[in-house]
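Heads up: the sequence lines are chains A and B, in that order. Taking our numbering, the leading residue of the first sequence gets 243, the next gets one more, and so forth. Taking our numbering, the leading residue of the second sequence gets 15, the next gets one more, and so forth. The beta-carbon is built from N, C-alpha and C at its ideal position, and this holds for glycine as well.
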Amino acid sequence: MSTPTVVRVWESEFAVYRKIWHSHVLLAFVQPLLYLVGMGLGVGALIDVNTDSSASLDGLAYFEFLAPALLATTAMISAGQASLWQVLDGFFWGNRYRAMAATPLTPNDVASGLTLWHATRTLIGVAGVAAVLVLFDDTRSWGLLLAVPAAVLTGLAFALPITAWSSTRYGGGSFPTIIRFGLLPMFLFGGAFFPITELPGWLQPVAYVTPLWHGIELCRGAVIDSVSAGNVAVHLAVLGAYIFTGWAACRIMFARRLAP
Amino acid sequence: MAAAAGFTIADRNGRGAVGVGPVRSIDVPNAVITARDLRKEFGDFVAVDGIDFDVAPGESFGFLGPNGAGKTSTMRMIGCVSPITSGTLRIFDLDPERDGSAIRARMGVVPQADQLDSELTVVENLIIYGRYFDIPRAECRRRAAELLEFVQLAERATERVDPLSGGMKRRLTIARSLMSEPDLLLLDEPTTGLDPQARHILWDRLYRLKQRGVTLVLTTHYMDEAEQLCDRLVVMDGGRIVAEGSPRGLIEQHATREVLELRLHRDTVGDVAGQADRDAAALATIDGIGDRQEVLPDRVLIYAHDGEAALAEVHGRGVEPVGSLVRRSSLEDVFLRLTGRTLVD
């Protein structure tokens with residue numbers, strides 16, 4: 243009974259993760275907590291006195307509006323961290339993916355194993371956020387059990403396309419740009435801190451094509467039980483498209499890089 | 015098997031020395047690797063330009079050549095991590111394109127640059143690598159302990175990899191490549207960048223592996239390394255094999271027994287043209303001494319059976335070089351003869 247090849251790759255990623263798990267988990271736990279207290283409770287106190295604002299938040303308190311979205315944003319940030327320098331390192335500096343390719347493992351096995359690992363790592367980070375949400379009465383919900391897998395899908399929708407990009411690079415020069423002009427604007431304007439209906443009209447379609455907005459809608463809908471089945475299907479389809487395209491690109495790029 | 019061993023012995027006796035004409039394939043029974051008209055192209059660039067070779071079981075086979083000769087491209091094709099462009103390549107009588115995983119399962123690879131996981135400890139590096147081959151964890155631990163003894167790193171087992179010296183990392187990389195107990199070990203420039211002591215330790219370990227029957231295939235641009243380790247080698251240049259034989263056989267075929275190295279002048283500052291004239295005059299005077307002469311920018315090599323006699327002849331003709339050295343011919347001389355260039359520029 244042989245171990246599936248993806249699991250062998252996963253084991254290797256996990257062995258390295260065990261050395262640094264504290265910083266990842268701490269970040270996943272502490273960062274959302276700070277946003278929840280600072281923005282959710284602090285800024286929320288100012289927002290909630292205005293009845294108009296409550297209407298534009300679908301009748302939610304600001305804290306309830308923000309909290310579930312942090313599952314998706316944390317998934318995005320955690321996935322971004324794991325898909326840039328860490329992936330380049332596997333091909334370029336530390337060359338651990340090259341080492342794997344010299345064994346019975348194929349480039350496909352490496353790409354698929356890494357996908358499994360991305361899902362695991364995102365799950366660990368998102369579970370940290372979920373633990374924070376359980377602490378507060380307003381967000382303690384069985385819906386979290388659905389929101390967590392939705393957030394993992396959101397993470398993969400970022401991790402796989404970014405991993406495919408990183409696997410074509412010979413340096414990390416483009417990575418800060420991806421963070422500053424890709425991930426950070428999505429974090430700020432992707433529907434986590436305010437509804438995207440508040441965005442200028444021309445900017446709203448941009449939000450519709452980003453994976454983050456779909457992830458946020460799923461997580462928020464699950465926690466406060468407010469999303470229609472039709473919308474769930476659309477959100478899942480968009481995330482699925484990012485995941486599938488990213489995965490297919492990873493397989494092609496890994497083969498090019500590891501077996502030229 | 016007996017035939018293969020017989021071949022190797024015949025080879026040690028200088029089989030290469032009797033070969034004439036272009037280097038063609040050598041048919042080895044039960045060959046571990048067989049390559050015929052093997053080519054590798056990257057776009058317009060031809061890295062390997064149609065080479066033929068066989069590697070016998072238990073043999074230690076080397077690719078010698080300067081940077082860019084096509085050694086690493088060849089090694090990557092043998093390692094089944096680079097598809098061949100054309101020709102035939104069989105390893106363990108399997109096809110790398112179809113059976114890459116099965117071939118790699120029986121092969122150890124020591125890459126040019128260490129690919130160790132710097133976050134992990136020495137022993138963890140071995141265990142994780144063993145797991146790629148699906149060796150059970152307990153067995154991985156057993157083999158890791160044994161291999162760390164073998165490469166003299168047992169006392170560093172639980173330390174992180176980062177602070178290890180270059181030689182230690184190389185030894186750990188070799189230990190890692192042995193986790194799967196391979197029949198064939200590929201080593202791409204195994205001692206490049208190591209100090210002399212570290213190189214000798216490594217050579218000693220590789221020699222022991224060879225004694226255990228592991229087939230070694232290595233690339234190097236060090237002549238001493240090739241002479242130390244290889245039963246048989248091919249000299250590559252510009253993607254082609256330009257000579258093939260045992261180290262001694264190649265030297266006997268392509269060089270004389272001894273070489274006289276002459277330094278005609280000290281480094282001159284200023285009067286460069288005048289020095290060039292004096293050198294030309296000296297070269298004209300010593301012309302014809304020895305079997306052959308090779309003029310390099312800083313010295314003249316005179317190939318002769320008896321180097322001391324050649325030096326006496328130089329003095330006899332009234333030329334007083336500022337420095338002279340008589341040494342035995344090496345593979346460097348073979349390479350110079352075959353390509354007109356030195357190996358390490």
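Under 7 Å from the C-beta of residue i: neighbouring residues of chain B
i      : result
A:L347 : Y146
A:S244 : D148
A:R382 : Per Cβ cutoff of 7 Å: no residues; A:R382 is ~37 Å from chain B at best.
Simplified DSSP assignment, three categories, for residue i
i      : result
B:M250 : strand
A:T345 : coil
A:W252 : helix
B:D68  : strand
B:D312 : coil
B:R277 : strand
A:D351 : helix
B:S74  : strand
B:L230 : strand
B:M193 : coil
A:K261 : helix
B:L200 : strand
B:R174 : strand
A:M281 : helix
B:G6   : Nothing can be reported for residue 6 of chain B, as the shown portion of chain B is limited to 15 through 359.
B:G180 : helix
B:D291 : helix
B:R331 : coil
CA nearest to the CA of residue i, picked from the options
i      : options                        : result
B:P335 : B:R277, B:A324, B:V286, B:A290 : B:R277
A:T357 : A:G284, A:Q446, A:S325, A:S298 : A:S325
A:F435 : A:A401, A:I420, A:E306         : A:E306
B:S100 : B:F56, B:L192, B:D347          : B:F56
A:W534 : B:R90, B:Q129, B:D113          : Here chain A comprises residues numbered 243 to 502, so residue 534 of chain A is not present and cannot be evaluated.
B:I303 : B:E275, B:D312, B:N44          : B:E275
A:V509 : A:I494, A:G457, A:G280, A:Y304 : It is not possible to answer for residue 509 of chain A, since the shown part of chain A is limited to 243 through 502.
B:P196 : A:V376, A:P427, A:P346         : A:P346
B:G181 : B:C154, B:P150, B:A159, B:W217 : B:W217
B:T206 : B:V309, B:A240, B:E111, B:L167 : B:A240
B:M121 : B:Q242, B:L192, B:E266, B:L134 : B:L192
B:L200 : B:R342, B:T88, B:L350, B:R331  : B:T88
B:K85  : B:A45, B:Y236, B:E173          : B:Y236
A:L478 : A:R338, A:R411, A:I404, A:L395 : A:L395
Contacts that residue i makes with chain A (C-beta to C-beta distance below 7 Å)
i      : result
B:R53  : None at all; the shortest Cβ gap to chain A is about 15 Å.
B:R118 : A344, T345, P346
B:S115 : P346, T348
B:E138 : A257
Amino acids of chain A, ordered along the chain, whose beta-carbon sits closer than 8 Å to that of residue i
i      : result
B:E133 : V258, K261, I262
B:I142 : E253, S254, A257
Whole-Å CB distance - residue i paired with residue j, under 8 Å assumed
i      : j      : result
B:F147 : B:A116 : Contact doesn't hold; Cβ gap of about 12 Å is too wide.
A:V329 : A:S254 : Between A:S254 and A:V329 the Cβ distance is about 14 Å, and since that is not below 8 Å, they are no contact.
B:T48  : B:D68  : 5 Å
A:V390 : A:A372 : 5 Å
B:V373 : B:V175 : Because chain B spans 15 through 359 in this model, residue 373 of chain B falls outside it and cannot be assessed.
B:E140 : B:R104 : One point to set straight first is that residue 140 of chain B is Leu, not Glu, in the sequence displayed. Contact doesn't hold; Cβ gap of about 30 Å is too wide.
A:A406 : A:C461 : The Cβ separation is near 25 Å, so there is no contact.
A:Q446 : A:I438 : 6 Å
B:S96  : B:L243 : About 24 Å; that fails the 8 Å criterion.
B:V340 : B:E327 : Between B:E327 and B:V340 the Cβ distance is about 12 Å, and since that is not below 8 Å, they are no contact.
Contact list for residue i against chain B, beta-carbon separation under 9 Å
i      : result
A:G336 : Q129, L130, D131, S132, E133
A:P502 : F56, R90, V95, S96, P97
Residue i versus residue j - alpha carbon distance
i      : j      : result
B:R292 : B:L352 : 29 Å
B:I316 : B:R271 : 11 Å
B:E346 : B:D238 : 9 Å
A:G397 : A:A311 : 13 Å
B:R156 : B:R254 : 43 Å
B:Q307 : B:D320 : 14 Å
B:A83  : B:R50  : 18 Å
A:T487 : B:G79  : 43 Å
B:S39  : B:R246 : The pLDDT assigned to B:S39 is 47, lower than 50, so where the model puts this residue is not dependable, and the model offers no usable value.
A:S320 : A:M428 : 14 Å
B:V286 : B:H279 : 11 Å
A:A414 : B:P177 : Note that residue 414 of chain A corresponds to Gly in the displayed sequence, not to Ala. Cα-Cα distance, rounded: 25 Å.
B:I92  : B:S194 : 17 Å
A:S354 : A:S295 : 45 Å
Listed by chain order, chain B residues near residue i by CB distance under 8 Å
i      : result
A:R250 : R145, Y146, D148
Where residue i meets chain A, residues with beta-carbon distance less than 9 Å
i      : result
B:V123 : A341, A344, T345
Contact set between the segment 82-106 of chain B and chain D, restricted to residues whose Cβ is under 9 Å from the partner: Reference to chain D is not applicable here, since the protein chains of this structure are A and B.
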